[in-house]
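Undergrad: Let me begin by handing over the structure; questions about it come next.
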Amino acid sequence: AQSVTQLDSHVSVSEGTPVLLRCNYSSSYSPSLFWYVQHPNKGLQLLLKYTSAATLVKGINGFEAEFKKSETSFHLTKPSAHMSDAAEYFCVVSPTIAGNMLTFGGGTRLMVKP
Amino acid sequence: NAGVTQTPKFQVLKTGQSMTLQCAQDMNHEYMSWYRQDPGMGLRLIHYSVGAGITDQGEVPNGYNVSRSTTEDFPLRLLSAAPSQTSVYFCASRARDRFNEKLFFGSGTQLSVL
Chain A
1 AQSVTQLDSH VSVSEGTPVL LRCNYSSSYS PSLFWYVQHP NKGLQLLLKY
51 TSAATLVKGI NGFEAEFKKS ETSFHLTKPS AHMSDAAEYF CVVSPTIAGN
101 MLTFGGGTRL MVKP
Chain Y
115 NAGVTQTPKF QVLKTGQSMT LQCAQDMNHE YMSWYRQDPG MGLRLIHYSV
165 GAGITDQGEV PNGYNVSRST TEDFPLRLLS AAPSQTSVYF CASRARDRFN
215 EKLFFGSGTQ LSVL
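So the protein lines, in turn, are chains A and Y. Residue numbers for the first sequence, in our numbering: 1 to 114. Residue numbers for the second sequence, in our numbering: 115 to 228.
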């Protein structure tokens, strides 16, 4: 069984300040982990993924995430928020074996204030 | 390439009506899936398919049917719509057995059941 918990349903930051979106997971197998972003009225777009290579993963638009096995966490960060980062973000876990059943977190809505 | 195409974008149904949400992809992906997105619950897997003639249930399959007669198409059928099926529906695809690879999402279908 696997599960994903996004610890904040809403995060509000000012433009130019750091972003932290938190994700904890549980998985019976060594997982692959993803962050997807969804802009209003759009489909989902992959930001980055962890697949057991480097624990610090860099994605698009300046985002990165660190896989911490001991903490079962995969938090998403960005040093400086931009207005265009306002969107909903989803943490996703997929077991490396038989990975047809992906599990999504509940989502975190990021708001960026000018 | 058009990617993943979903139709319609919006639909309003009355309770008890049936309808089919269409999904087509032109990337020769074996794996296709349907999700529903509800506020605070992320995306939940309804059904998926790993190839033509093969379908399986996801997390929330009740009230939905699927079939996969071709690699390109994966329609989702609501047999007798209920208000609880009001949601945004996403179709997604990827190459089979590529558990580490990203999903390609359609732009979604917003369904309201009155």
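From the three backbone atoms N, C-alpha and C, an ideal C-beta is built for every residue, glycine too.
CA-CA distance, L135(Y) and E88(A)?
TA: By 1-based counting over the second sequence, the position of residue 135(Y) is 21. By 1-based counting over the first sequence, the position of residue 88(A) is 88. Approximately 24 Å between the Cα atoms of the pair.
Undergrad: With a cut-off of 8 Å, do at least 3 Cβ pairs link the region 175-192 of chain Y to the region 101-110 of chain A?
TA: With a cut-off of 8 Å, the region 101-110 of chain A and the region 175-192 of chain Y do not count as touching, because too few Cβ pairs lie within range.
Undergrad: What is the residue span of the beta strand (DSSP E) that Y36(A) lies within?
TA: Counting from one through the first sequence, the residue named residue 36(A) turns up at place 36. Its beta strand (DSSP E) spans residues P31 to Q38.
Undergrad: Going by beta carbon distance, what residues of the same chain come within less than 7 Å of Q171(Y), once the five residues before and after it are set aside?
TA: One-based indexing of the second sequence puts residue 171(Y) at position 57. Excluding positions up to five away in sequence, the list reads H161.
Undergrad: Helix, strand or coil for S110(Y)? Go by DSSP, reduced to three states.
TA: There is no way to answer for residue 110(Y), as the model of chain Y reaches only from 115 to 228.
Undergrad: Closest by CA to C91(A), which one among S28(A), Y36(A) and N100(A)?
TA: Residue numbering aside, residue 91(A) sits at position 91 when the first sequence is read from its first letter. Nearest option by C-alpha distance: Y36(A).
Undergrad: Here's a check: name, in chain order, each residue in its chain whose Cβ is nearer than 6 Å to the Cβ of V126(Y), leaving out the five neighbours to either side.
TA: Taking the second sequence and counting its residues from 1, one reaches residue 126(Y) at position 12. If we look at V126(Y) and ignore the five residues flanking it on each side, its Cβ neighbours are S226.
Undergrad: In whole angstroms, what separates the C-alpha of M83(A) from that of V19(A)?
TA: On the first sequence, residue 83(A) is found 83 positions in, with the first residue counted as 1. On the first sequence, residue 19(A) is found 19 positions in, with the first residue counted as 1. Computed Cα separation, rounded: 12 Å.
Undergrad: By alpha-carbon positions, which one of N41(A), P40(A) and F67(A) ends up nearest to F34(A)?
TA: As a first step, residue 34(A) is located in the first sequence; it is residue number 34 there, counting from the start. Comparing Cα-Cα distances from F34(A) to each of N41(A), P40(A) and F67(A), the minimum goes to F67(A).
Undergrad: In its own chain, which residues sit with a C-beta less than 7 Å from the C-beta of K42(A), not counting the 5 before and 5 after it?
TA: Taking the first residue of the first sequence as position 1, residue 42(A) is located at position 42. Closer than 7 Å at Cβ, skipping near neighbours: no residue.
Undergrad: Can you check whether the CB of E64(A) is closer than 8 Å to the CB of L48(A)?
TA: For the purposes of this step, residue 48(A) is taken as residue 48 along the first sequence, with counting starting at 1. For the purposes of this step, residue 64(A) is taken as residue 64 along the first sequence, with counting starting at 1. Their beta carbons are under 8 Å apart, which means L48(A) touches E64(A) by this criterion.
Undergrad: I want to know whether the region 198-208 of chain Y touches the region 143-161 of chain Y - three or more CB-CB distances under 8 Å.
TA: Taking 8 Å as the limit for Cβ pairs, the verdict is that the region 143-161 of chain Y does touch the region 198-208 of chain Y.
Undergrad: Can you look up N142(Y) in the DSSP assignment and give me helix, strand or coil?
TA: Locating residue 142(Y) in the second sequence gives position 28, where the first residue counts as 1. Residue state, collapsed to three classes: coil.
Undergrad: Figure out for me which residue from K128(Y), S147(Y), S163(Y) and G130(Y) has the closest Cα to the Cα of Q120(Y).
TA: Along the second sequence, read from residue 1 onward, the residue named residue 120(Y) stands at position 6. Answer by Cα proximity: S147(Y).
Undergrad: Output needed in chain order: residues of the region 119-142 of chain Y with a Cβ under 9 Å from some Cβ in chain A.
TA: Answer set for the region 119-142 of chain Y: Q120.
Undergrad: Could you work out which residues of chain Y lie near K42(A), taking near to mean beta carbons separated by less than 7 Å?
TA: Position 42 of the first sequence, counting from 1, holds the residue named residue 42(A). Near K42(A) (Cβ distances below 7 Å), the residues of chain Y are S221.
Undergrad: So which residues of chain A does G165(Y) contact, with C-beta pairs closer than 9 Å?
TA: The residue labelled residue 165(Y) in the question sits at position 51 within the second sequence. The contacting residues do not exist; G165(Y) stays about 11 Å from chain A at best.
Undergrad: Mapping DSSP to helix, strand and coil, what is N61(A)?
TA: Taking the first sequence and counting its residues from 1, one reaches residue 61(A) at position 61. The answer is helix: DSSP assigns N61(A) an H, G or I state.
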